[in-house]
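Residue numbers (our numbering): 58 to 444. Glycine included, C-beta positions come from ideal geometry on N, C-alpha and C. Bear in mind that the values here come from a model prediction, so they are computed numbers and not experimental data.
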Ligand code: HBI
Ligand code: FE
């Protein structure tokens, strides 16, 4: 405090305003030149109010700084989260409900050979460590043929129905000889391509990851991508993500700077978030990154990966059947959804920039008592809990 005990009174008043309860108070003459007192306060209050209290105190010039000490009920309630891209080696927890062994509706459920092949490819992801090159896969003729069928339908539908950012990036992937009809692209080549455009990179994933782990990687501009291929009998549908979905659905837009930024911001917002907030962020992700529609010269276009990699749902989304609503994070984030049938509701963004603005405003209302910033030089997330 720079102006003596008078400022302590103001701190106490501010804490009272935010309904905090003081458990302990200590002051001592400060060692810092120009600062008269250090004060240590222990308070109990809700996380939301605490965040606002800190913001409010930071705005006052009477204080040399407000430091949040690690307090029991903050550190214990904040889940562990990765702070460096290499920590993502620990973020590979799977949701197994759609794996071919466990999901009776999976087209590979009764196909032992398919399940073996899928497992063999998934092993690569379990063994993968940060910094390794992504091992290449010799895809079989049948796997490449499945890719080719989906690739050709995307080529047909894209000119009319995909947003311009997708088309531009798709063209670049073709020009780089990464997207060709007759063979599945290797993740390592795709990763190098993305790194040059937006700094995104890939790491191999063994299947459907938990939302927390999946979203956390986006904070580091890392996209966890499966590497196995859907069942040959079902080229146009897969219950779990496969590399055709990742490559044709997600990769082109991750090469777009504005969309890449939006993706990273969802990831940053997820770090250390509560379970219910992870649920909301997943829902936003679902209705934007997976199933999002946007406007382009008064026309409706698709940018969601699940739409762009699934012809059936793409045509359904752009027909007059579903209900369309404007993207608004506060309401979109609590809209229930299912993953068994086509969506009855889609959310329409004005543009990526507009979606990002709205998302930022909404994230600032979340209850996390600290902010995070990604330092691209160190690939480290810095936690800002004091100024
Ligand atoms: N895991 N491998 C993988 N790919 C995804 O696209 C994916 C995921 N886990 C969760 C998820 N997507 C989303 O539906 C949200 O829950 C984040
Ligand atoms: Fe996806």
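Rounded separation between residue i and residue j - CA only
i: residue 84; j: residue 187; result: 46 Å
i: residue 367; j: residue 79; result: 56 Å
i: residue 444; j: residue 111; result: Summary for residue 444: the model assigns pLDDT 40, below 50, so the residue's position carries little reliability; its value from the coordinates is reported in the next sentence. Computed Cα separation, rounded: 9 Å.
i: residue 132; j: residue 277; result: In this prediction, residue 132 scores a pLDDT of 48, lower than 50, which makes its location untrustworthy; the coordinate-derived value is nonetheless stated afterwards. Spanning the two alpha carbons is a distance of roughly 22 Å.
i: residue 424; j: residue 386; result: 15 Å
i: residue 238; j: residue 142; result: 33 Å
i: residue 272; j: residue 94; result: 42 Å
i: residue 355; j: residue 384; result: 16 Å
i: residue 67; j: residue 376; result: 59 Å
i: residue 269; j: residue 417; result: 19 Å
i: residue 226; j: residue 313; result: 7 Å
i: residue 161; j: residue 81; result: 58 Å
Residue burial classification, residue i (beta-carbon count within 10 angstroms, cutoff 16)
i: residue 432; result: exposed
i: residue 199; result: exposed
i: residue 406; result: buried
i: residue 130; result: Interpretation of residue 130 is limited by its pLDDT of 49, a score under 50 that renders its predicted location unreliable; the figure taken from the coordinates is listed afterwards. That one is exposed.
i: residue 167; result: exposed
Beta-bridge partners of residue i, as assigned by DSSP
i: residue 100; result: 79
i: residue 352; result: 357
Range covered by the alpha helix (DSSP H) that runs through residue i
i: residue 71; result: 62-74
i: residue 356; result: Residue 356 -> not in any alpha helix (DSSP H); beta strand (DSSP E) instead, spanning 356-359.
i: residue 415; result: 409-420
i: residue 214; result: 198-218
i: residue 271; result: 268-275
i: residue 88; result: Careful: residue 88 lies outside any alpha helix (DSSP H) and carries neither H nor E.
Beta-carbon contacts of residue i that lie in its chain and below 7 Å, excluding the five residues immediately before and after
i: residue 346; result: 320, 361 and 362
i: residue 219; result: 358, 359 and 365
i: residue 193; result: 243 and 245
i: residue 144; result: none
i: residue 76; result: 102 and 106
Beta strand (DSSP E) segment containing residue i, residue limits
i: residue 244; result: Here residue 244 belongs to no beta strand (DSSP E); instead the alpha helix (DSSP H) covers 244-254.
i: residue 402; result: 402-406
i: residue 431; result: 428-432
i: residue 260; result: 258-262
i: residue 230; result: Premise fails: residue 230 lies in the alpha helix (DSSP H), 221-232, not in any beta strand (DSSP E).
i: residue 439; result: 437-441
i: residue 43; result: The chain is shown from 58 up to 444; residue 43 falls before or after that span and cannot be answered.
Cβ-based neighbour list, residue i, same chain, cut-off 6 Å, excluding 5 preceding and 5 following
i: residue 153; result: 159
i: residue 211; result: 305
i: residue 428; result: 441
Proximity test, residue i beta-carbon vs the ligand ADP heavy atom, cut-off 7 Å
i: residue 259; result: Questions concerning the ligand ADP fall outside what the structure shown contains, since the ligands it does hold are the ligand HBI and the ligand FE.
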